[in-house]
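The structure appears right after this line, and notes come after that.
4 protein chains.
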Amino acid sequence: MSSEGDQGEGADVLYYWDYLHLDGLLNAQTPKSAEHGDVIHDELIFIAVHQTSELWFKQVLFELDSVLKLMDQDPIPERDLGIVLSRLQRINVIQRLLVLQLDVLETMTPLDFLDFRSMLLPASGFQSVQFRLIENTFGLLDRDRLRIEGHRYIATLRHDHVDLVTRSERSPSFFDHVERWLSRTPFLQTRNFDFVATYRDLVKAKHDATRSSLVDNPERLAVFEAGVSKFDAVLDESVWERDVEQGTRRLSYGAFMAALFINLYRDEPILHMPYLVLTAIVDIDEAFTMWRERHALMAHRMLGRLTGTAGSGYDYLDQTAHSYAPFKDLFDVATYLLPRASLPRLPDSLANDLDFRTS
Amino acid sequence: MSSEGDQGEGADVLYYWDYLHLDGLLNAQTPKSAEHGDVIHDELIFIAVHQTSELWFKQVLFELDSVLKLMDQDPIPERDLGIVLSRLQRINVIQRLLVLQLDVLETMTPLDFLDFRSMLLPASGFQSVQFRLIENTFGLLDRDRLRIEGHRYIATLRHDHVDLVTRSERSPSFFDHVERWLSRTPFLQTRNFDFVATYRDLVKAKHDATRSSLVDNPERLAVFEAGVSKFDAVLDESVWERDVEQGTRRLSYGAFMAALFINLYRDEPILHMPYLVLTAIVDIDEAFTMWRERHALMAHRMLGRLTGTAGSGYDYLDQTAHSYAPFKDLFDVATYLLPRASLPRLPDSLANDLDFRTS
Amino acid sequence: MSSEGDQGEGADVLYYWDYLHLDGLLNAQTPKSAEHGDVIHDELIFIAVHQTSELWFKQVLFELDSVLKLMDQDPIPERDLGIVLSRLQRINVIQRLLVLQLDVLETMTPLDFLDFRSMLLPASGFQSVQFRLIENTFGLLDRDRLRIEGHRYIATLRHDHVDLVTRSERSPSFFDHVERWLSRTPFLQTRNFDFVATYRDLVKAKHDATRSSLVDNPERLAVFEAGVSKFDAVLDESVWERDVEQGTRRLSYGAFMAALFINLYRDEPILHMPYLVLTAIVDIDEAFTMWRERHALMAHRMLGRLTGTAGSGYDYLDQTAHSYAPFKDLFDVATYLLPRASLPRLPDSLANDLDFRTS
Amino acid sequence: MSSEGDQGEGADVLYYWDYLHLDGLLNAQTPKSAEHGDVIHDELIFIAVHQTSELWFKQVLFELDSVLKLMDQDPIPERDLGIVLSRLQRINVIQRLLVLQLDVLETMTPLDFLDFRSMLLPASGFQSVQFRLIENTFGLLDRDRLRIEGHRYIATLRHDHVDLVTRSERSPSFFDHVERWLSRTPFLQTRNFDFVATYRDLVKAKHDATRSSLVDNPERLAVFEAGVSKFDAVLDESVWERDVEQGTRRLSYGAFMAALFINLYRDEPILHMPYLVLTAIVDIDEAFTMWRERHALMAHRMLGRLTGTAGSGYDYLDQTAHSYAPFKDLFDVATYLLPRASLPRLPDSLANDLDFRTS
């Protein structure tokens, strides 16, 4: 990228090379194979993919930390929501690049990898400190992590990194901030509008109507009842909270109902940005899964499924892809939506409150 | 990526972190804005995009250099052609990633960039030493480069880099190796087959037939003659070489005719790999143009077209996108193709020579 | 995609196949080569790429038309801006797919194309009625179109399509709606804030400071004056309007200054959505250019630069990529930005007006 | 895409519009919502994504069928392998586009989908006849398919499609052709080289060496023995064939050992193309999994996990992603590779046979 304008001069003129510390950066590739004889050509691409990934991980952490700082205000000023959104969207753009970056690694074939992979033992991508920090900061709970041969993930880390990672487990995560932000969503209950009660009435009426229509068809009625049992949790806060205790849900009832409200009434001006923020969160959670799935496929192709002490990388990665989704409750919003046509219009006074002063 | 197997132990156990030199790598981001007060948030993404790009540039150079070494054999053993192909294709996969990486930079807005861009002056992406090395190694000639305010590109480089870049200008480039490799293509002229003569006869016969059919339509005939004048260069080697002298073509006549032969007879077993190699070269040349075009668009959006002393970045980048294509002669192969149905079958003895011993 | 729930029954059960009219859709590929003998294999991929492109073009038109309808309200209700944004972003996602789709077409080689391309004459992608409708609806002016051998683009269309396309030239375009919407942006001039006057004062003060600092350096001063002459147009409305008359700018002065205001004060809550809408417009305009550039490259590779009566496809496409950008004024916003730190805070009463009633 | 040259004239001039049957194609979007009142805006994007997907499915089938025809020769002429490769690679490029195309569908939100999804019942993507044909032609076995509520997939198809799909189950698949082609690979056993015996000896020697080194470490020895038990199948053909009978492997022992040979000796000229073909097959199998995983994620986001009679679309799709991989044996090649340095050089006479006549 070029910059216009007057150029500096003299001894302390700034060079692109120095600004980017390229002397250090471009000398930090020291293939292990060099210690065993000739450099094995493909070890360099292996290093390049991992080093660029780590630079991106640093950037993701930097953006995530800045979002946490912005969300650590009570309330979060409306004007900061635009910044939160743009940084979340940036994280997602980086994630998509990281998925594509695995295409580059796949240009290394299993046979090429075999030529040096044993030289790297026991080093492994499992040890990416920054990726653990990202997971923890994003909101992954230790209780939801897979154990590796019965050990916690920190068992593989260098001593001085254990502290760092442990601290990140204990600090408020992005999930915690989103939970708090949603819980404080105003307007769900006002003088003349009670979203939760209204929503429950609508759901019950809809289900009763279906029941009536199926009264002569006990088989289909049974299927229907099995299906709608999922609604118990939104109709009865105590059911929801029991699910939370059992670990099958994670957002509090209030936070979830707020997310539902924002989705259903997303066209109200004051909900535009919260809706876009929720969408960005789901995009990010989804992209983590995509990356894990892509990573698992690549590991399968590169390593086969032969396992030594560490278990198959493929199986591990594939399982994490399916269980490491802190915001899966937001995916389940889709389960509980009602058609817009069946929603009541908001009372005028509330709709007015959700608009700009000057509209 | 995980690795199975027995784990090292003791003091010199290898950690992922140390193998990748992450202490150095992750501490090499020193935003200039920190010297002027608070760090400006978006300077970090600016650094991340440029540092990852430079790591990829190093990798591209590494692959390119290894290809040059393999091609610096006479003849190039058939078994090495598979390796050449895989490394060229890897370069192309990296290039495609670099194009997409500009999406990440575009998450930085012009207003964000404005907050720190003057602090970086006169540093500029123009100064990317590695990109200049890639251009030179790939085959860009200094005579084809745009001047920047009348200066050569090396004028902007740090003193100790000038030598390095100048040396790369003088070393045989990938273009030179491809030229030599094509020039030595066997089979164009054998005891009972003369590709060039055969091809010329076919072209002339085809043009004569069209002329006859247009004899009563002088207007369309004139248009036709204007169009086919492009064929003079393949019909007459001296015309081609004059174009080369004038700089409008660059491959020698012999090399170009070999490329044409490989394209037309690509289904012969011995030409499978040469054809895939030629395709990979065109893919790479095309991807350089895509990257320059994408870069120009981003510069336009980020900087507008206000120009200081350096000329508009957009205009410069956009012009390079259109003139920096060392292998544009290979794009022009399409101009001179003939329908397969009109090609003569190769004599049996030659077809036999182009096949495997054991077929 | 699956859907849950009770299944229909009986005679009018809906099949996926019938819903999508696949009988018609999958029988609409009639290769021209079949009329000349055997079907040429690659004609099918040629048809597939063009047919899917046309389905996407229809979708783009549909989204664009719906946006025009929403914007054809005065004023545009705030709640509709979210819908406008989501549809513009969808158009951009489709555009990015269309760029990638050209990778599929590039799996057809020039030699394969040569086998049937003359059978298609004079049919040509130039004749895509829907693409012309998209261009016109987006805002491309006939005066800015390249002539093809001196003829207007409609000269190549089927008779009954000429009317359709001509009508789209005469209807208000998306550009017209954006121009009107921007022109009506409130808050640029309030009782105690005059954005244009404030902005001009800042610019002048900044330029004067630079002039003073260069007073002893006439050479650099001259360069500076040449550079800042671009600001004449924003400092003096009559200069801007003269540029508009001469065709070098297109947005009115008022609309442009509103776009500048929205960019500079994008963090104010009421400007969040307008800012995102402006960003989406630039994304779309940029993606059109990307598609044209990618298309031009592919044409070069596929056809070479041999030209008959119609001129080289490459040259034509490449020129349109650089001149067909209705919103290029929005790219130039970057030229006129000022660092946020130099901007005055908005008066409290105005900032208050730009926020939600309930904040 | 433009075409040069002389233009047709008169009554039967060919128009782009007619060539592509755009009258039919662009009138084949009949939203179901129109029958229930106003068209719901997002039903159109739903139709567009599915129709373009079906056009691509047709193209994939067309390429696959042509590959089957080429492979249905005994032996497959070397010159046809280049064509097979290019068509397999084209299928992969289309698959990658299909994955990205789901980004477009995701611009439709769950709430938008809810507005019309019940109108489409019981139609469902499960009913895509062409996708079933692709799966069967590629080599998916009915025994490996998930049952949907106990029913076979053909239960959901329109009557006249059942036959078509059933026929495709019974015809030789791409898998069958690859199996046969691999089984016939020459050179695995020649007068002075026996690949299988050589390979087995190497593996046994390597394992014995490890056993010796672990003789004092019974714990690690046990882990090692558990790991290498995977090699029983390559060391003993009867073990392999028992796995095949039990359905955990599918390629015959001979075919698999040929694949292993091609991977290990891929640099021999005659194995260049077979190696690239094997790589393309793995790419395609992998891309099917990517598409299914991406599809599952989208279904989760769009539908939540509420299930009616049909089971959750997400769970179904996600399970197919993990079990529908006809060529998973080729992924497992990585498990059985040996480092190149440990492989014996081929005898000169064999290496000679694997080269071109004229080398």
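Chains as they are written, first to last, in the working numbering: chain A, 23 to 381; chain B, 23 to 381; chain C, 23 to 381; chain D, 23 to 381.
The beta carbon of each residue, even a glycine, is placed where N, CA and C say it ideally should be.
| task | Please report the Cβ distance between residue 83/A and residue 155/A, rounded to the nearest whole angstrom; I am assuming they are in contact, meaning their Cβ atoms lie under 8 Å. | result | About 6 Å; that satisfies the 8 Å criterion.
| field | Of the listed residues 213/A, 218/A and 253/A, nearest to residue 230/A (C-alpha basis) | value | By alpha-carbon distance to residue 230/A, the top candidate from 213/A, 218/A and 253/A is 253/A.
| Does the Cβ-Cβ distance between residue 46/A and residue 47/B come in under 9 Å? | Going by C-beta atoms, residue 46/A is nearer than 9 Å to residue 47/B.
| query | Do we get a CB-CB distance below 9 Å when we pair residue 144/C with the residues of chain D? | reply | For residue 144/C, the answer is yes, since a Cβ of chain D falls inside 9 Å of its Cβ.
| residue 378/D, DSSP secondary structure in three states | Per DSSP, reduced to three states, the secondary structure at residue 378/D is strand.
| field | Cβ pair count under 8 Å reaching 3, the region 314-322 of chain D against the region 276-284 of chain A | value | Contact fails: fewer than three Cβ-Cβ distances are below 8 Å.
| query | Mind listing which residues of the region 99-111 of chain B have their C-beta closer than 9 Å to chain A's C-betas, in chain order? | reply | Against chain A - using a Cβ distance shorter than 9 Å - the residues of the region 99-111 of chain B are 105, 108, 109 and 111.
| query | If you count every other CB in all the chains shown that lies within 10 Å of the CB of residue 74/C, and 16 or more means buried, which is it? | reply | When all chains shown are included, residue 74/C counts as buried.
| query | How is residue 232/A classed by DSSP in three states: helix, strand or coil? | reply | In the structure shown, residue 232/A sits in a helix (DSSP, three-state: H, G or I).
| field | chain B contact for residue 294/A (CB, 9 Å cutoff) | value | Judged by the 9 Å Cβ criterion, residue 294/A is not in contact with chain B.
| query | Counting contacts by CB-CB distance shorter than 9 Å, is residue 253/A in contact with chain C? | reply | It does not: the Cβ of residue 253/A has no partner Cβ on chain C nearer than 9 Å.
| task | Could you work out which residues of chain C lie near residue 50/D, taking near to mean beta carbons separated by less than 8 Å? | result | What residue 50/D touches in chain C: 42, 43, 46 and 47.
| field | Rounded straight-line distance, which links the Cα of residue 343/B to that of residue 377/D | value | Distance between the alpha carbons of residue 377/D and residue 343/B: 41 Å.
| field | Under 7 Å by beta carbon: chain C residues contacting residue 84/D | value | Simply 66.
| So is residue 88/D in contact with chain C if we call contact Cβ pairs under 9 Å? | At least one CB of chain C lies nearer than 9 Å to the CB of residue 88/D.
| request: List the residues of chain D whose Cβ lies closer than 9 Å to the Cβ of residue 137/A, in chain order. | output: Residues of chain D whose Cβ lies closer than 9 Å to the Cβ of residue 137/A are, in chain order, 361, 362 and 363.
| field | Min CB distance residue 285/C to chain A below 9 Å | value | Not one chain A Cβ lies under 9 Å of residue 285/C.
| message | Quick check on the DSSP output: the alpha helix (DSSP H) that includes residue 296/A runs from which residue to which? | response | In the DSSP annotation of this structure, the continuous segment of the alpha helix (DSSP H) that includes residue 296/A starts and ends at 294-325.
| What three-state label does DSSP hand residue 211/A in the structure shown? | Residue state, collapsed to three classes: strand.
| request: Could you list the residues in the region 114-132 of chain A with a C-beta less than 7 Å from some C-beta on chain B, going in chain order? | output: Cβ contacts with chain B: 115, 116, 119, 122, 123, 125, 126 and 129.
| message | Within a Cβ cutoff of 8 Å, which residues of the same chain sit near residue 132/C, ignoring the five residues on either side of it in sequence? | response | Around residue 132/C: 323, 324, 325 and 326.
| message | Between residue 152/D and residue 76/D, how many whole angstroms is the CB-CB distance? I'm expecting something under 8 Å. | response | At roughly 6 Å, the Cβ-Cβ gap stays under 8 Å, so residue 152/D and residue 76/D are in contact.
| Sorry if obvious, but does the Cβ on residue 190/C come closer than 8 Å to a heavy atom of the ligand GTP? | Questions concerning the ligand GTP fall outside what the structure shown contains, since it holds no ligand whatsoever.
| request: On the DSSP bridge assignment, give the partners of residue 216/B in chain order. | output: Paired residue(s): 211/B.
| query | Between the C-alpha atoms of residue 200/D and residue 215/D, what's the straight-line distance to the nearest angstrom? | reply | So the alpha carbons of these two residues sit roughly 24 Å apart.
| By the criterion of Cβ-Cβ separation under 8 Å, what are the contact partners of residue 241/B in chain D? | Those do not exist, as residue 241/B stays about 11 Å from chain D at its closest Cβ, beyond 8 Å.
| query | Skipping 5 residues on each side, what residues in its chain have a beta carbon closer than 7 Å to that of residue 299/A? | reply | 103, 106, 107 and 110.
| query | In the DSSP assignment, what are the bridge partners of residue 43/D? | reply | Paired residues: none, contrary to the question.
| Terminal residues of the continuous alpha helix (DSSP H) containing residue 93/A? | Start and end: 65-93.
| message | Does the CB of residue 78/D have a neighbour CB from chain C at under 9 Å? | response | It does: the Cβ of residue 78/D has a partner Cβ on chain C nearer than 9 Å.
| For a contact meaning CB atoms closer than 8 Å, what does residue 339/D contact in chain A? | None at all; the shortest Cβ gap to chain A is about 12 Å.
| said: Could you check whether the Cβ of residue 278/B sits closer than 9 Å to any Cβ belonging to chain C? | reply: For residue 278/B, the answer is no, since every Cβ of chain C falls outside 9 Å of its Cβ.
| Under a three-way DSSP split, which group does residue 170/D fall into? | For residue 170/D, the three-state secondary structure derived from DSSP is strand.
| Cross-chain neighbours of residue 180/C in chain D, by beta carbon under 7 Å | The answer, in chain order, is 37 and 39.
| Which same chain residues, not among the five before or five after residue 89/A, have their C-beta less than 7 Å away from its C-beta? | So the qualifying residues of the chain are 106, 109, 110 and 196.
| According to the neighbour-count rule (16 or more other Cβ atoms, all chains shown, within 10 Å of its Cβ), is residue 270/A buried or exposed? | Under this definition residue 270/A is an exposed residue.
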